[in-house]
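*Asks:* My structure is below; once you've seen it, I'll send some questions.
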Amino acid sequence: MHHDTIAVIDFGGQYAHLIANKVRRQGVLAEIRQPEDPIDAFSPYKGIIISGSPSMSSQDEDAGYTKEIFDLDIPILGFCFGHQEIAKHYGGTVIAGGRQWGRADLHLTGEHRIFAGLDSVEQVFMSHYDSVETIGPDFEEYGYTPEIEGSPEHRNAAIGSDALKRYGFQYHAEVDDTVNGDKMIGNFVLDICDCTPSWDMMAFLKEEKKRVAAQVGAESVFLLASGGVDSTVAAVLIGEALGPERVHLLHIDNGMMRKNESQNVIKMFEQLGLGSHLHFVDASDTFLSALEGAVEPEKKREIIGNTFIDVFNAEAKRLNIESHLLGQGTIYPDTIETGGTKRADTIKTHHNRVAVIEELIQQGKVVEPLADLYKVEVRELGEHLGIPREMLVRHPFPGPGLGVRALCSDGVPDEEGFADALVQLDLIGQDFGLHVLPLPIRSVGVKADLRAYEHPALLTGDAPWDKIIDTVSLITTEVPGFNRCIWNLGESRPTSAKPVKATMTKQRLDLLREADHIVMDGLARHGLYEEIWQCPTVLVPVSFDEEDGELIVIRPIRSERAMTATPIKLPDGLVRELRGAILALNGVSSLALDVTSKPPGTIEWE
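If you're matching positions, the sequence shown starts at 1214 in this note's numbering and goes up one per residue.
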């Protein structure tokens, strides 16, 4: 069947495939194209959307793409970097300035069909360093963001030319924090591009089964099955495509699982009728031995990923199924955050994207039916496959498990930039009635599509929730070197912080496992488990003042696709319960709530 199709040009932005996802949600097929693809490759499409990028348009970075696309008589819409390139091509100017990340209010200057059905002020999501200063003679300004505390007025946040059929948004309409971004994309795709909706998830399922069957041929698949939503849906889909007798599942306990996780996973796969070829290996000692002494987050991820493959290969050899293809439940955020497209910056390397996996992919030996999907689509696909709901609403859990939630440290304070930052942090804290303490460690974040390995700051005080969120926005935007804030849930106000020398040990993992169990149980008892999309519990090797023990950070967030996330305020009653239970654990001295959005803070700390 022929589908009207939109081309999404991927300049390496964190959200390029999310654009394609949002187009598909309109019932229109979207395909990813590369910026240097020949002009003939774009002729079948009814429209083009240009993604954001880690490159700087103001510096003419990544300028060698196929600019002949602007000669095509089809509509083109650009987001962020794409918006800036459109403005530049038609006589506008782009400057390095007006940086923004996080939510902003777009004020529309008038009516236009790309904003049909929307209000005069719309919440949008910004993540950029460059901005459009002026626009060409054929263009109009459709919207701007006004000056707010910590951010200047931002003109030309939305521009367009009906005569040229060219449009640009400085913000990211594709992310969920642009509240009506779906409508904006839908207006472009269905109205301006005149596409007829004919694509849905059932069409994807039918086509993906054929693709899997064609790739595997007469071979079979050996799939790493963590028991999370992704690997579960992948296992059922591959089983339907090939037949369950040609699918072997391997569940590995890497010593970094949640409490009772492996037992529950095995029961679940047996319920799904996939137990006949289900294999289990307790490789806890193997993983912990490999991780001994490792501190740096990327090194830990690399070790975990490589050890998964070593254990997988050893088990395949034992079972005499070494010729089987490797199956994985990889989804798109795993790929893009690992720098898995030509221009994407590496935010953090996922265990299913280490070098040995990439080599197998190049050899055609890896089967990944979900690789272009996001979590919300995976869950929808799972419903079509008849997987029980309780299995699909499980909180996402990273492949490396608690290995990326038990932070490590060599015990040496990292206070780079603190001398310059302290005055700014104090002033911001005073404005909002909060005490701000920089922490001498780092965590992974993302700013304007680039990896940001920067410091967290601890906030102490009883400010209202909205003031706390405003404080976080100001600190992460205005203070160089800070990408994350946590809110102190303890009763005292720490005045100093020091790192604790800590590596990956069974004792620390057992401590984190218990704290995580307390949090998960609390969410369930308070009826919050399904409302909260994910809630990592993180063991941070930091102690305050003269205390012994480490810091536990709870990170409840709301998200759909993991590309953006917003922090959630927990009820006071639950906070009191968690404070009492977690601070009673031997080895824990303090407790905090992560109040950072993504970006600038990633969901996981590593």
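Even for Gly, the Cβ is constructed at its ideal location relative to N, Cα and C.
Could you check where the alpha helix (DSSP H) with Asn1526 kicks off and where it finishes?
*Replies:* Along the sequence shown, one-based indexing puts residue 1526 at 313. 1510-1532 is the span of the alpha helix (DSSP H), which, as asked, contains Asn1526.
*Asks:* Quick one: complete beta strand (DSSP E) runs, 3+ long, within the region 1728-1767?
*Replies:* Those beta strand (DSSP E) runs which fall completely within the region 1728-1767 and span 3+ residues are 1750-1753, 1755-1757, 1763-1767.
*Asks:* Under the three-state reduction of DSSP, which class applies to Gln1336: helix, strand or coil?
*Replies:* Locating residue 1336 in the sequence shown gives position 123, where the first residue counts as 1. Residue state, collapsed to three classes: strand.
*Asks:* Might you give, ordered along the chain, the residues of its own chain that have their beta carbon closer than 7 angstroms to the beta carbon of Asp1250, omitting 5 neighbours on each side?
*Replies:* The residue you call residue 1250 lines up with position 37 of the sequence shown. Contacts found: Thr1279.
*Asks:* Can you tell me which residues form a DSSP beta bridge with Cys1698?
*Replies:* Residue 1698 sits at position 485 when you count from the first residue of the sequence shown. In the DSSP output, where bridge partners are listed per residue, Cys1698 has Ala1670.
*Asks:* According to DSSP, what are the bridge partners of Ser1709?
*Replies:* On the sequence shown, residue 1709 is found 496 positions in, with the first residue counted as 1. Paired residues: none, contrary to the question.
*Asks:* Take Gly1506 as the anchor and find which of Lys1259, Lys1719, Cys1408 has the nearest alpha-carbon.
*Replies:* On the sequence shown, residue 1506 is found 293 positions in, with the first residue counted as 1. Residue Lys1719 is the option with its Cα nearest to Gly1506.
*Asks:* DSSP puts Gly1260 in a beta bridge; with which residues?
*Replies:* The sequence position of residue 1260 within the sequence shown is 47, counting from 1. Answer is Ile1219, bridged to Gly1260.
*Asks:* In whole angstroms, what is the alpha-carbon distance linking Ile1731 and His1608?
*Replies:* The count along the sequence shown starts at 1 and reaches residue 1731 at position 518. The count along the sequence shown starts at 1 and reaches residue 1608 at position 395. Going from the Cα of Ile1731 to the Cα of His1608 covers about 15 angstroms.
*Asks:* Report all residues from its chain with a CB closer than 7 angstroms to the CB of Pro1350; omit the five preceding and five following residues, and keep chain order.
*Replies:* Counted from its first residue, the sequence shown places residue 1350 at position 137. Gly1304.
*Asks:* Considering only the beta carbon of each residue, do Arg1514 and Arg1726 sit closer than 9 angstroms?
*Replies:* For the purposes of this step, residue 1514 is taken as residue 301 along the sequence shown, with counting starting at 1. For the purposes of this step, residue 1726 is taken as residue 513 along the sequence shown, with counting starting at 1. No; because the gap between Cβ atoms is not below 9 angstroms, this pair is not in contact.
*Asks:* What do you reckon, are the CB atoms on Pro1707 and Thr1673 nearer than 9 angstroms?
*Replies:* Counting from 1 along the sequence shown, the entry for residue 1707 is found at position 494. Counting from 1 along the sequence shown, the entry for residue 1673 is found at position 460. Yes, the Cβ-Cβ distance between Pro1707 and Thr1673 is below 9 angstroms.
*Asks:* From this set, Glu1744, Gly1518, Asp1585, which residue's C-alpha is nearest Arg1771's C-alpha?
*Replies:* For this step, residue 1771 is matched to residue 558 along the sequence shown. Selected option, being the one with the closest Cα: Glu1744.
*Asks:* Which residue's Cα is closest to the Cα of Ile1600: Lys1259, Gln1637, Thr1777, Leu1487?
*Replies:* Numbered from its first residue, the sequence shown carries residue 1600 at position 387. That would be Leu1487, whose Cα lies nearest to the Cα of Ile1600.
*Asks:* Mind checking whether Val1755 and Ile1641 have CB atoms under 9 angstroms apart?
*Replies:* Your numbering for residue 1755 matches position 542 in the sequence shown. Your numbering for residue 1641 matches position 428 in the sequence shown. No.
*Asks:* Could you tell me the alpha carbon to alpha carbon distance between Glu1492 and Lys1480, rounded to whole angstroms?
*Replies:* As a first step, residue 1492 is located in the sequence shown; it is residue number 279 there, counting from the start. As a first step, residue 1480 is located in the sequence shown; it is residue number 267 there, counting from the start. Glu is not the amino acid found at residue 1492; the sequence shown has His there. Answer to the nearest angstrom: the Cα atoms are 12 angstroms apart.
*Asks:* Nearest to Ala1376 by CA position, among Gly1630, Phe1283, Arg1768, is which residue?
*Replies:* In the sequence shown, residue 1376 corresponds to position 163, counting from 1. Ala1376 has its Cα closest to that of Phe1283, out of Gly1630, Phe1283, Arg1768.
*Asks:* Buried or exposed for His1367, going by 16 or more other Cβ atoms inside 10 Å?
*Replies:* Numbered from 1 along the sequence shown, position 154 holds the residue referred to as residue 1367. By the 10 Å Cβ count, His1367 comes out buried.
*Asks:* Within 10 Å of its beta-carbon, does Tyr1228 have 16 or more other beta-carbons around it, so buried, or fewer, so exposed?
*Replies:* Position 15 of the sequence shown holds residue 1228. Result: buried.
*Asks:* Identify whether His1537 lies in helix, strand or coil by the three-state DSSP scheme.
*Replies:* As a working mapping, residue 1537 is identified with position 324 in the sequence shown. Here His1537 sits in coil by DSSP.
*Asks:* Tell me whether Lys1423 is buried or exposed, calling it buried when 16 or more other Cβ atoms sit within 10 Å of its Cβ.
*Replies:* On the sequence shown, residue 1423 is found 210 positions in, with the first residue counted as 1. Exposed, since its Cβ has fewer than 16 Cβ neighbours within 10 Å.
*Asks:* Below 8 angstroms, can you find three or more Cβ-Cβ pairs linking the region 1789-1802 to the region 1773-1781?
*Replies:* No contact exists between the region 1789-1802 and the region 1773-1781.
*Asks:* Roughly how many angstroms lie between the CA atoms of Leu1598 and Gly1311, to the nearest whole one?
*Replies:* In the sequence shown, residue 1598 corresponds to position 385, counting from 1. In the sequence shown, residue 1311 corresponds to position 98, counting from 1. Their Cα atoms are separated by approximately 47 angstroms.
*Asks:* Does the beta-carbon distance from Ala1309 to Ile1261 come in below 9 angstroms?
*Replies:* Your numbering for residue 1309 matches position 96 in the sequence shown. Your numbering for residue 1261 matches position 48 in the sequence shown. It is not a contact, given that the beta carbons lie outside the stated cut-off.
*Asks:* If you count every other CB in all the chains shown that lies within 10 Å of the CB of Arg1616, and 16 or more means buried, which is it?
*Replies:* In the sequence shown, residue 1616 corresponds to position 403, counting from 1. A quick correction: the sequence has Gly, not Arg, at residue 1616. Counting Cβ neighbours within 10 Å, Gly1616 comes out buried, since at least 16 surround it.
*Asks:* Can you list the alpha helix (DSSP H) stretches of 4 or more residues lying completely in the region 1600-1629, in chain order?
*Replies:* Segments of the alpha helix (DSSP H) lying fully in the region 1600-1629: 1602-1605.
*Asks:* Decide if Gln1643 is buried, meaning its Cβ has at least 16 other Cβ atoms within 10 Å, or exposed.
*Replies:* Looking up residue 1643 in the sequence shown gives position 430. With fewer than 16 Cβ atoms within 10 Å of its Cβ, Gln1643 is classed as exposed.
*Asks:* Taking the alpha-carbon of Val1494 as reference, which of Ser1709, Asp1466, Asp1318 has the nearest alpha-carbon?
*Replies:* Taking the sequence shown and counting its residues from 1, the one referred to as residue 1494 is at position 281. Val1494 has its Cα closest to that of Asp1466, out of Ser1709, Asp1466, Asp1318.
*Asks:* Exposed or buried, which one is Glu1483 when buried takes at least 16 other CB atoms within 10 Å?
*Replies:* By one-based count along the sequence shown, residue 1483 stands at place 270. So Glu1483 counts as exposed.
*Asks:* Which value, in whole angstroms, describes the spacing of the CA atoms of Ile1287 and Glu1360?
*Replies:* As a first step, residue 1287 is located in the sequence shown; it is residue number 74 there, counting from the start. As a first step, residue 1360 is located in the sequence shown; it is residue number 147 there, counting from the start. Rounded to whole angstroms, Ile1287 to Glu1360 spans 35 angstroms at the Cα level.
*Asks:* Give me the residue from Glu1420, Thr1543, Leu1804 with the minimum Cα distance to Leu1437.
*Replies:* As a working mapping, residue 1437 is identified with position 224 in the sequence shown. Nearest of Glu1420, Thr1543, Leu1804 to Leu1437, Cα basis: Thr1543.
*Asks:* Is DSSP giving Gln1313 helix, strand or coil here?
*Replies:* As a first step, residue 1313 must be located in the sequence shown, where it is residue number 100. Here Gln1313 sits in strand by DSSP.
*Asks:* According to the Cβ coordinates, are Val1307 and Asp1318 closer than 9 angstroms?
*Replies:* Position 94 of the sequence shown, counting from 1, holds the residue named residue 1307. Position 105 of the sequence shown, counting from 1, holds the residue named residue 1318. Contact: no.
*Asks:* Does Asp1332 pass the burial test, meaning 16 or more other C-beta atoms within 10 Å, or should it be called exposed?
*Replies:* In the sequence shown, residue 1332 corresponds to position 119, counting from 1. Exposed is the call here.
*Asks:* Tell me whether Ile1765 is buried or exposed, calling it buried when 16 or more other Cβ atoms sit within 10 Å of its Cβ.
*Replies:* Position 552 of the sequence shown, counted from the first residue, corresponds to residue 1765. Classification for Ile1765: buried.
*Asks:* What are the boundary residues of the beta strand (DSSP E) that Gly1291 is part of?
*Replies:* Position 78 of the sequence shown holds residue 1291. First-last of the beta strand (DSSP E) with Gly1291: 1289-1292.
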